[in-house]
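*Asks:* Below is a structure I'd like to ask you about.
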Amino acid sequence: MDLREKHIQAFVIAHENDDITKLALGPMPADWPRKAILDQIKSRQKAKIKLPAWLNVQGLIFPSPSLLEQCSSDATAHFKASLFSGETFADLTAGAGADTAAFAQNFKRGFAIERDHETSETLANNLPLLSHTQIDVINKSAEDALDDLPPLDLVYIDPQRRNESTRGLFKLEDTSPNVLALLPKLKEKARNILIKTSPVLDITQAISQLGHVAHIYVVSLGNECKELLFHITDTQEKPAIHAIILGHTPYKLTAKVVPPANITQPQTYLYEPDAGIMKAGLFNELAAEFNIAKLHPHTHLFTADHKLEKFPGRSFVIQNIIPADKRELQKNNIEKANLTLRNFPGTVDELRKKLNLKDGGDDYIFACTLGDEQKVLICCRRC
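Those letters in the sequence shown? Residues 1 to 383, per the numbering used here, in order.
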């Protein structure tokens, strides 16, 4: 039975906030595709956070929960789309279609390449509902589809690890589609190439492997680094690195030539940069932008005697600075705190055990190394 049938759609919407496990045990007409309906409800629950506008599109068939888990959010998809415009584009790894639909707003024609048959059928249903741009859905692998595509203004690709159970560093040579193998064809086919990767990819190594990288965008949302974007075009210039912070107060910081940050002892306020700035390594640029100093060349925490209203990251007021000793914590009546290590030996768990410190609460402790190489605990509160 078609998931777009009005009674099924009404059931899905009526139960979109229900507990899936309990709902699975409840009654449902015998001829209804139970698993597919439950997946639709599960996907709608995920879309509420990532793609809330999709909930209001009539006739939309939601991609599988696993695809929605992997796909771009509304904010990250629209940021990518804001970078380009032109006549034609192709998304070589269309998946759920969030990026495809976003790019389509700035192009006259698009191509959505998807190797999975069921997913390509979902795309064929959904993309006309999400965009007025003509988008051809092609049920082929990126490798097989590329030769048949016309010249493009933009080709976009979001490769995945071949082995999703692999932990640690994301390597371009271990992806599917194999970006490095496809790169010569991509450069022949398109004026601009945009590659999205996991934030754990080594940026320096990727620049060396890809060649002709014009821009790297380190995109974060909610103080979590979400993705790296590599823009490749015909350039011999040094790549420009940008930290892009999305959310209620968007912020952009770009690499430039600035003096090294000053080093000083902790002052009244402590500042921890957003995860995107940390990944991009734009510490000196941040210090210059906000006129603040670092605690140590390798301790990526900043300090000032004044409060910064629009600092891109977390802000704290310093309560005390003590040695890394549990007796000192006891003297300060701290039994519970949020612990972070910056340029400090060991792990959070090891230090928490050594300090006999519970997790959580209103107190924050940064175990770090100061400019005089002293290792201390900086006790703070959010401000």
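We put the beta carbon where it would ideally sit given N, CA and C, even for glycine.
So Leu339 is in the beta strand (DSSP E); what residue range does that whole segment cover?
*Replies:* Here the beta strand (DSSP E) through Leu339 covers Lys336 to Arg342.
*Asks:* Relative to the C-alpha of Asp74, which residue among Glu143, Glu335 and Leu55 is closest?
*Replies:* That would be Leu55, whose Cα lies nearest to the Cα of Asp74.
*Asks:* Between the Cα of Pro391 and those of Ser141, Pro150 and Asp148, spot the shortest distance and give me the residue it belongs to.
*Replies:* It is not possible to answer for residue 391, since the shown part of the chain is limited to 1 through 383.
*Asks:* Do three or more CB pairs link the stretch 213 to 229 to the stretch 270 to 284 at distances below 8 angstroms?
*Replies:* Yes, the stretch 213 to 229 touches the stretch 270 to 284.
*Asks:* Is Ile61 helix, strand or coil when you go by DSSP?
*Replies:* Of the three classes helix, strand and coil, the one that applies to Ile61 here is coil, per DSSP.
*Asks:* Considering only the beta carbon of each residue, do Glu272 and Gly313 sit closer than 7 angstroms?
*Replies:* Yes.
*Asks:* Can you tell me which residues form a DSSP beta bridge with Phe89?
*Replies:* BP columns for Phe89 point to Gly110 and Leu154.
*Asks:* Name, in chain order, the residues that DSSP records as bridge partners for Val376.
*Replies:* Bridge partners of Val376: Pro323 and Cys368.
*Asks:* Considering only residues of the same chain and omitting the five flanking positions on each side of Ser85, which have a CB-CB separation below 6 angstroms?
*Replies:* Taken in chain order, the residues that qualify are Asn106.
*Asks:* Please list, in chain order, all residues of the same chain as Lys151 whose beta carbon is under 7 angstroms from its beta carbon, the five residues on each side excluded.
*Replies:* Sequence inspection shows Pro at residue 151; the Lys mentioned does not correspond to that position. Closer than 7 angstroms at the Cβ level, and outside the excluded window around Pro151, lie Lys189.
*Asks:* Do you know offhand how far Phe344's Cα is from Leu221's?
*Replies:* The alpha-carbon atoms of Phe344 and Leu221 are separated by roughly 26 angstroms.
*Asks:* Which residue from Asp116, Glu118, Thr76 and Arg115 puts its Cα closest to that of Thr101?
*Replies:* A small fix is needed here, since residue 101 is Ala in this sequence, not Thr. Minimum Cα distance to Ala101 is reached at Thr76.
*Asks:* Taking Ala98 as the reference, give the member of Glu87, Glu5, Glu118 and Asn126 with the closest Cα.
*Replies:* Selected option, being the one with the closest Cα: Asn126.
*Asks:* With DSSP as the reference, label His215 as helix, strand or coil.
*Replies:* Residue state, collapsed to three classes: strand.
*Asks:* Is the CB-CB distance between His231 and His215 below 7 angstroms?
*Replies:* Closer than 7 angstroms, so yes.
*Asks:* Just checking, does the stretch 25 to 35 make contact with the stretch 54 to 73 on the three C-beta pairs under 8 angstroms criterion?
*Replies:* Touching, no, given that fewer than three Cβ pairs across the two stretches are closer than 8 angstroms.
*Asks:* Within 10 angstroms of the Cβ of Asp414, are there 16 or more other Cβ atoms? Answer buried if so, exposed if not.
*Replies:* Because the chain in this structure spans residues 1 to 383, residue 414 falls outside the shown range and cannot be described.
*Asks:* So, under 8 angstroms CB-CB, Arg342 and Leu301 are touching, yes? Tell me the CB distance rounded to an integer number of Å.
*Replies:* Right, their Cβ atoms sit about 5 angstroms apart.
*Asks:* Using three-state DSSP, classify Gln176 as helix, strand or coil.
*Replies:* A small correction: the amino acid at residue 176 is Ser; Gln does not occupy that position in the sequence shown. Looking at Ser176 - three-state DSSP - the assignment turns out to be strand.
*Asks:* Measure how close the beta-carbons of Phe170 and Thr197 come, nearest whole angstrom, since I'm counting them as under 8 angstroms.
*Replies:* Rounded, the Cβ-Cβ distance is 6 angstroms, consistent with contact.
*Asks:* Does the stretch 281 to 292 come into contact with the stretch 327 to 337, if we say contact requires no fewer than three beta-carbon pairs (one atom in each stretch) closer than 8 angstroms?
*Replies:* No, the stretch 281 to 292 does not touch the stretch 327 to 337.
*Asks:* Ordered along the chain, which non-local residues of its own chain (more than five positions away) have a Cβ less than 6 angstroms from that of Cys379?
*Replies:* Excluding residues within five positions, the ones whose Cβ falls inside 6 angstroms are Gln319, Asn320 and Ile365.
*Asks:* For a quick check, are the C-beta atoms of Thr233 and Asn192 less than 7 angstroms apart?
*Replies:* Cβ atoms of Thr233 and Asn192: closer than 7 angstroms.
*Asks:* Comparing C-alpha positions only, which one of Pro177, Pro239 and Asn338 sits nearest to His212?
*Replies:* Among Pro177, Pro239 and Asn338, the Cα nearest to that of His212 is on Pro239.
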